[in-house]
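Written below as structure tokens is the structure these notes are about.
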Amino acid sequence: MADLSLRQVRKSFGNLTILHGVDLDIKSGEFVVFVGPSGCGKSTLLRLIAGLEEPSGGEIGIAGEIVNDVPPSQRGIAMVFQSYALYPHMTVYENMAFGMKIAGESKAEIDRRVRQAAEILQLTKYLDRVPKALSGGQRQRVAIGRAIVRNPRVFLFDEPLSNLDAALRVATRIEIAKLKDTLPNTTMIYVTHDQVEAMTLADRIVVLKDGRIEQVGTPMELYKKPANLFVAQFIGSPA
Ligand code: ADP
Ligand code: MG
Numbered sequence: 001m002a003d004l005s006l007r008q009v010r011k012s013f014g015n016l017t018i019l020h021g022v023d024l025d026i027k028s029g030e031f032v033v034f035v036g037p038s039g040c041g042k043s044t045l046l047r048l049i050a051g052l053e054e055p056s057g058g059e060i061g062i063a064g065e066i067v068n069d070v071p072p073s074q075r076g077i078a079m080v081f082q083s084y085a086l087y088p089h090m091t092v093y094e095n096m097a098f099g100m101k102i103a104g105e106s107k108a109e110i111d112r113r114v115r116q117a118a119e120i121l122q123l124t125k126y127l128d129r130v131p132k133a134l135s136g137g138q139r140q141r142v143a144i145g146r147a148i149v150r151n152p153r154v155f156l157f158d159e160p161l162s163n164l165d166a167a168l169r170v171a172t173r174i175e176i177a178k179l180k181d182t183l184p185n186t187t188m189i190y191v192t193h194d195q196v197e198a199m200t201l202a203d204r205i206v207v208l209k210d211g212r213i214e215q216v217g218t219p220m221e222l223y224k225k226p227a228n229l230f231v232a233q234f235i236g237s238p239a
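Quick note: the sequence shown, position 224, residue 224 per full-length UniProt numbering, numbers continuous.
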């Protein structure tokens, strides 16, 4: 069964249509990358899935339930953005624990999950530091940790590496690839305009252009059989 399904999902702002009837099924545990040029509607699509925007039409299903009317906090989704707003006065530990504290989790459960996430992300040494005392890559890992501790069913990443310099981008990308192996049952959707990130991370790639899906396939399928010139150029296939 599909973990996430989009049926004719549309979005307009005023009379400007940003997404024109997107249809897509994502399986449980799949790592799917949405790729496409700036402005094609990638972030809008993620925000619709997360429930941060309402679709103008169509249906969004998670685990077999239509969630159009389900508030973001009850969708089992966690989102990591490019600008990782950490609380500056809190330690790494407190930053990761904060959401669970609010949700009323026990101290022992909070501690267990924070330490587990820190282990996965190699942040154990930094739990007592404040964000200011961390590198950009470490801060982004804390932001990812904050999402992991919530045990999301679906993990959404919106260009999480775009604020990092080239070397850190590679290191953090490798970290995210490991995350995919560590959390094999978590469905992950990863937005980027970077072809290399898409080709190296994805089980399947969804190529978007002007609010429409141009092609869906494995990196190899897109590379070998691009549906059109746009996909070929974007993926970098030999034409
Ligand atoms: P991407 O993430 O692929 O770069 P976005 O989803 O952010 O693209 O934006 C797609 C288009 O929708 C852009 O033209 C953007 O200006 C427009 N857009 C996004 N959010 C809003 C909004 N709240 N109001 C009006 N236009 C918006
Ligand atoms: Mg965007």
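Just so it is clear, CB atoms sit at the ideal spot from N, CA and C, and this is done for glycine as well. Note that the coordinates shown come from a computational prediction; the quantities given were computed from them, not determined experimentally.
Select from the options the residue whose C-alpha is nearest the C-alpha of residue i.
i	options	result
Gly51	Thr172, Leu229, Gly99 and Leu156	Leu156
Ala153	Ile77, Val33, Gly14 and Ile235	Note that residue 153 corresponds to Arg in the displayed sequence, not to Ala. The candidate whose alpha carbon is nearest that of Arg153 is Ile77.
Val216	Gly61, Phe34, Leu16 and Asn151	Phe34
Gly58	Arg10, Thr186 and Gly64	Arg10
Val32	Ile176, Ala232 and Gln82	Ile176
Thr200	Leu179, Ile174, Gly211 and Asn95	Ile174
Asp210	Asn95, Leu45 and Ser5	Leu45
Asn67	Leu6, Gln195 and Pro226	Note that residue 67 is Val in the sequence shown here, rather than Asn. Residue Leu6 is the option with its Cα nearest to Val67.
Gln8	Gly14, Ile49 and Gly39	Ile49
Lys132	Ala103, Pro72, His89 and Thr124	His89
Phe234	Lys178, Gly36 and Val170	Gly36
Leu161	Glu197, Tyr126, Pro226 and Thr187	Glu197
Asp158	Ser56, Arg75, Leu24 and Tyr84	Tyr84
Thr192	Ile18, Gln82 and Asp25	Gln82
Thr182	Glu119, Arg204, Leu127 and Ile102	Glu119
Gly99	Leu179, Asn151 and Val170	Asn151
Gln140	Ser73, Val206, Pro226 and Leu86	Leu86
Check whether the Cβ of residue i sits closer than 7 angstroms to any heavy atom of ligand 2, and report yes or no.
i	result
Val196	no
Glu159	yes
Val22	no
Val191	yes
Identify, in the order they occur along the chain, each residue of the same chain with its Cβ nearer than 7 angstroms to the Cβ of residue i, setting aside the five sequence neighbours on each side.
i	result
Arg129	Thr91 and Val92
Ala202	Phe31, Val32, Val33 and Pro219
Ala63	Asp3 and Arg153
Ala117	Met96, Gly145, Ile148 and Val149
Within the same chain, show all residues whose beta-carbon is closer than 8 angstroms to that of residue i, passing over the 5 residues directly before and after it, in chain order.
i	result
Gly136	Asn163, Leu164, Asp165 and Leu168
Asn185	Ser28 and Gly29
Glu53	Lys11, Thr44 and Arg47
Just to confirm my understanding: we take residue i, look at its own chain, exclude 5 residues before and 5 after, and list those with CB closer than 6 angstroms. What are they?
i	result
Arg113	Val149
Arg212	His20
field: Heavy atoms of ligand 1 versus C-beta positions, residues under 5 angstroms
entry: Phe13, Ile18, Ser38, Gly39, Cys40, Gly41, Lys42, Ser43 and Thr44
task: For the region 73-127, list the alpha helix (DSSP H) runs that are entirely contained and at least 4 residues long, ordered along the chain.
output: 92-102 and 107-120
message: Report the start-end ranges of each alpha helix (DSSP H) in the region 145-205 that is 4 residues or longer and not cut off at the edges.
response: 166-182 and 195-201
message: Going residue by residue through the region 9-75, where are the continuous beta strand (DSSP E) segments of at least 3 residues, counting only ones entirely within it?
response: 16-27, 31-35 and 57-62
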